[in-house]
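Heads up: the sequence shown begins at 1 in the UniProt record's numbering, then just goes up one per residue.
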Amino acid sequence: MIKVLIADDQELIRQSLQIVLNSKADIEVCDVAADGQDVIRSIRKEKPDVILMDIRMPKMDGVQCTKIIKENYPQIKIIILTTFDDDEYVYNALKFGASGYLLKGVSMDELENAIKTVYSGRAMINPDIATKVFKLFSQMAQADYSITVGNKAAEELTKTEWKIIVQVGKGASNKEIAEILGLSDGTVRNYLSTILNKLDLRDRTQLAIWAVQTNAAGKLAELEE
């Protein structure tokens with residue numbers, strides 16, 4: 001059972017999401033919160049697995065709340081759920097460790113899938129903003145948000161692993177990577193797990209930023225010469 005905490009300052013949205021998600025077999029809404037401070041208090045008591053986090057809330061917004069949670073409870077997965085398709089919010093939410101970013105217009109089935117996806121340790125990004133996220137990865141890579149990987153670890157990567165890293169850096173999903181490289185979804189997931197372990201990176205977001213920083217496409221081209 002996946003324990004979900006819903007954080008949104010609109011009561012109607014909180015109630016609607018709670019009713020729908022509680023009807024799903026593998027999901028239990030353990031609590032709802034109206035602002036970031038309520039979220040922090042609830043976490044200590046309920047210990048949720050996944051938080052659906054609104055961006056714009058009183059007292060403490062979703063981005064700041066995400067930062068605090070990931071610093072103190074790194075195992076909790078956070079999906080930013082918002083009506084605002086805003087560059088700065090996407091940038092900061094991913095920078096601080098959010099596992100996903102969805103617009104509130106998604107269907108309940110898509111939301112259920114997103115919860116299960118991030119719970120399993122993968123990232124979930126609304127297709128509508130995938131291109132924007134890739135641009136943000138580039139901005140983050142060129143700014144002060146750097147990802148450090150040892151040279152020895154990078155040298156241990158295989159050509160196939162580099163191919164996957166290149167696609168992650170472009171914002172491709174596991175399904176898209178599988179189609180491009182002629183692999184199964186499960187094989188791609190296994191490769192990603194191995195890559196993250198080799199590079200000692202926390203998640204797919206860090207890998208994507210590192211791919212941009214290190215010019216993974218250029219590295220792959222050198223290997224294929």
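Cβ coordinates follow ideal geometry from the N, Cα and C atoms, glycine included.
Per DSSP, the bridge partner or partners of residue i
| i | result |
| --- | --- |
| V50 | V4, K77 |
| G150 | Note: G150 sits in no beta bridge, so no partner. |
| G100 | I79, M124 |
| V188 | V188 is not bridged to any residue. |
Member of the options whose CA lies at the smallest distance from the CA of residue i
| i | options | result |
| --- | --- | --- |
| K67 | Y89, R189, T83 | Y89 |
| V212 | A178, S193, K198, G169 | G169 |
| S193 | K77, L102, L207 | L207 |
| I43 | V188, K77, N22 | K77 |
| G97 | P74, T117, A153 | P74 |
| L196 | A154, Y119, V106, A217 | A154 |
Distance CB(residue i)-CB(residue j) smaller than 8 Å
| i | j | result |
| --- | --- | --- |
| K70 | G36 | no |
| T160 | Y191 | yes |
| V29 | Q18 | yes |
| K24 | E112 | yes |
| I115 | I2 | yes |
| L103 | T83 | yes |
| D61 | E46 | no |
Residue i burial status per 10 Å Cβ neighbour count (16 or more: buried)
| i | result |
| --- | --- |
| K175 | exposed |
| D185 | exposed |
| L94 | buried |
| P48 | buried |
| R122 | buried |
| T158 | exposed |
| R204 | buried |
| D200 | exposed |
| D109 | exposed |
| D38 | buried |
| D26 | exposed |
8 Å Cβ cutoff, residue i in contact with chain C
| i | result |
| --- | --- |
| D54 | Judged by its chain identifiers, the structure shown contains no chain C, having just a single protein chain. |
Residue i to residue j span [Cα, whole Å]
| i | j | result |
| --- | --- | --- |
| I6 | I40 | 12 Å |
| T214 | N151 | 11 Å |
| M53 | Y91 | 15 Å |
| V20 | I79 | 17 Å |
| V63 | A34 | 15 Å |
| T117 | G100 | 9 Å |
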